[in-house]
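Residue numbers (this note's numbering): 459 to 852.
Structure, as structure tokens:
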Amino acid sequence: MRRSLLNPILAFGILIIIIISFSFVGNNIEGYFPPQKPEEISALSIGDTVVSGMKVVDDAKVRKVPVLYHFEYLQSLLEEEKYPQIISGFLTGTMETPLSILANGSISSQGVAQGFEGPGYLSVQGQKLVVNPPQTFVWGYKTEYTVGVKTKDGVEIREGGKSGELLKTIAASDIKNDTIPHEYVSITTFTKWYNKSSVGDYIYLDYSLNGFNDGRNQVVPEDIKTFFGDSVVTYMKNYPSGSPVMAYMGTHNENVTSSYTEALGSHPEYGDSARAYNAMSFARAWNGTIIPPKTGSNGKENIGFEPCIDPNATGGSAVHGVCPAARSLRGATTSAGLPLPSGIRWDELAIAYDTSPTVGVKVYNNLNYPIKIVMWTEGSGAGLVIHAEIVRLT
């Protein structure tokens, strides 16, 4: 009778001693091994772009801890439905830290990004790994990335400039679409460059997006379509390196804040047909240009113009017809509260002879919201009319 009473008391005492011992060991373990940092479990670099459905936690990096020291983790693992980890914890005495302890906000219990639209990015907030959803407007800058460097026997493909990381070496006889990046430079153009260039010369072949307004990491060329879509790459192809690029736009409103119209008029001495073509080309070069706040942009660099004979111009010709179009753009921008675009003057001759109507002109947005330039033409010949609008994006 006395023995039967003693055994439960003894067993309970032993259990208390074991728990205290594990607690003591756990406290010492915590002293030697501080809590795991959220960035230590990330499958990506902090700041990398993430879309819903991507695995952002590396399960193998999640630290295991003593069961008795963190018995409350069992409940968290139950809520996360991680039954194999629970069984393993009972068998081994250790279990992985629940993700609810290390991650939060748009990251599921399985370590997958979820619950947001568009391209977010990985971050750490309040000692937890999170995915920040995108703002309404996300923009970066077209940045030179992949370069071809001519060598004695062929070409080197490098990332990060002429002295950047070497990706591969291509023999001169093996230059073709399958070996040379050709998103921005056609193989025909590359071959012409190669035949005329000297050893050590280089040409930029591909571009990244960098310098984002929300601080996310650079997005390399092969990921731009995945995260931002084909239209962003198309936009990048049209504009010079260094241009701001609106990579993502969420739900927003567009309102016209100013508009201006100019008539081409007739100057037969320069050829009204060519002048009309140049005015239409100017409108195409600037139509659809989006300029984020506190940035500036040139027009499209791949628009051609037709030279008109002019003995007063350098070289004996000029792209007449762009001045009325430039006056239309000038009127719309300044009416919207923007400064006079660089490369455009207040004169009737709005663009100087030696100024490119696209890359030689730059529109600055000094406002606190993005703007879009809309330009189009109506009519033909000397009767052509050029319209320009500034659209507010909010």
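By construction, the Cβ of each residue, glycine as well, lies at the ideal position given by its N, Cα and C atoms.
* Candidates ALA840, ALA501 and LEU851: which alpha carbon is nearest ASN713's? -> The residue labelled residue 713 in the question sits at position 255 within the sequence shown. Nearest of ALA840, ALA501 and LEU851 to ASN713, Cα basis: LEU851.
* **Exposure of PRO726, with buried meaning 16 or more beta-carbon neighbours within 10 Å** => Looking up residue 726 in the sequence shown gives position 268. Looking at its Cβ environment, which holds fewer than 16 other Cβ atoms inside 10 Å, PRO726 is exposed.
* Asked: Between which two residues does the alpha helix (DSSP H) containing ASP517 stretch?
  -> On the sequence shown, position 59 is the one that residue 517 refers to. No alpha helix (DSSP H) contains ASP517, which DSSP labels as neither H nor E.
* How would you write the range of the beta strand (DSSP E) that VAL849 sits in, first residue to last? -> What you label residue 849 is simply residue 391 of the sequence shown in a count that begins at 1. Its beta strand (DSSP E) spans residues 843-851.
* Considering only the beta carbon of each residue, do ALA790 and SER701 sit closer than 7 Å? -> Start at 1 with the first residue of the sequence shown, and residue 790 comes out as number 332. Start at 1 with the first residue of the sequence shown, and residue 701 comes out as number 243. Not in contact: ALA790 and SER701 (Cβ atoms no closer than 7 Å).
* Asked: Got a sec? Which residues, its chain only, sit under 6 Å from VAL588 by beta carbon, not counting five neighbours each side?
  -> Counting from 1 along the sequence shown, the entry for residue 588 is found at position 130. When the five nearest sequence neighbours on each side are left out, the beta carbons in the same chain lying within less than 6 Å of the beta carbon of VAL588 are those of ASN562, GLY563 and SER581, in order along the chain.
* To do: Please state whether DSSP places ALA785 in a helix, a strand or coil.
  => Taking the first residue of the sequence shown as 1, we reach residue 785 at position 327. Per the sequence shown, the amino acid found at residue 785 is Arg instead of Ala. Three-state result, ARG785: helix.
* Whose C-beta lies closer than 8 Å to the C-beta of LYS695 among residues of the same chain, with five residues either side of it excluded? -> On the sequence shown, position 237 is the one that residue 695 refers to. GLU641, TYR642 and ASN760, listed in sequence order.
* Asked: Of the residues SER793, SER739, ILE848 and TYR599, which one's Cα is nearest the Cα of THR835?
  -> Working through the sequence shown from its first residue, we reach residue 835 at position 377. It is SER739 whose Cα lies nearest to the Cα of THR835.
* To do: In angstroms with no decimal places, state the Cα-to-Cα distance between GLY841 and MET833.
  => The residue you call residue 841 lines up with position 383 of the sequence shown. The residue you call residue 833 lines up with position 375 of the sequence shown. If I take the Cα positions, the gap works out to 17 Å.
* alpha helix (DSSP H) containing THR604: first to last residue? -> Taking the first residue of the sequence shown as 1, we reach residue 604 at position 146. Note, THR604: premise wrong, no alpha helix (DSSP H); beta strand (DSSP E) at 595-608.
* **Simplified DSSP state of ASP664, which is helix, strand or coil** => Walking along the sequence shown from the start, residue 664 turns up at place 206. Residue state, collapsed to three classes: strand.
* Nearest-angstrom Cα separation, counted from THR627 out to ALA776 -> Residue 776 sits at position 318 when you count from the first residue of the sequence shown. Residue 627 sits at position 169 when you count from the first residue of the sequence shown. The alpha-carbon atoms of ALA776 and THR627 are separated by roughly 43 Å.
* Under a three-way DSSP split, which group does ILE767 fall into? -> Numbered from its first residue, the sequence shown carries residue 767 at position 309. Correct three-state label for ILE767: strand.
* Would you tell me roughly how many angstroms separate the C-alpha atoms of ILE767 and VAL843, rounded to the nearest one? => Taking the first residue of the sequence shown as position 1, residue 767 is located at position 309. Taking the first residue of the sequence shown as position 1, residue 843 is located at position 385. Cα-Cα distance, rounded: 23 Å.
* Hey, quick one: how far does the alpha helix (DSSP H) through SER739 stretch, first residue to last? -> Reading the sequence shown from its first residue, position 281 is the one you call residue 739. Per DSSP, SER739 is one residue of the alpha helix (DSSP H) stretching across 730-744.
* To do: Could you check what DSSP says for ASN713 in three-state terms: helix, strand or coil?
  => For the purposes of this step, residue 713 is identified with residue 255 of the sequence shown, where counting begins at 1. Of the three classes helix, strand and coil, the one that applies to ASN713 here is strand, per DSSP.
* To do: Measure the CB-CB distance between GLY505 and ARG616 and report whether it falls below 7 Å.
  => For the purposes of this step, residue 505 is taken as the residue at position 47 of the sequence shown. For the purposes of this step, residue 616 is taken as the residue at position 158 of the sequence shown. Contact: no.
* To do: Determine the DSSP secondary structure at VAL703, reduced to helix, strand or coil.
  => Counted from its first residue, the sequence shown places residue 703 at position 245. The answer is strand: DSSP assigns VAL703 an E or B state.
* Would you give the residue range spanned by the beta strand (DSSP E) that LYS626 belongs to? => Residue 626 sits at position 168 when you count from the first residue of the sequence shown. In the DSSP annotation of this structure, the continuous segment of the beta strand (DSSP E) that includes LYS626 starts and ends at 623-629.
* In DSSP terms, what LYS830 is bridged to -> Position 372 of the sequence shown, counted from the first residue, corresponds to residue 830. In DSSP, LYS830 forms a bridge with ILE748 and VAL849.
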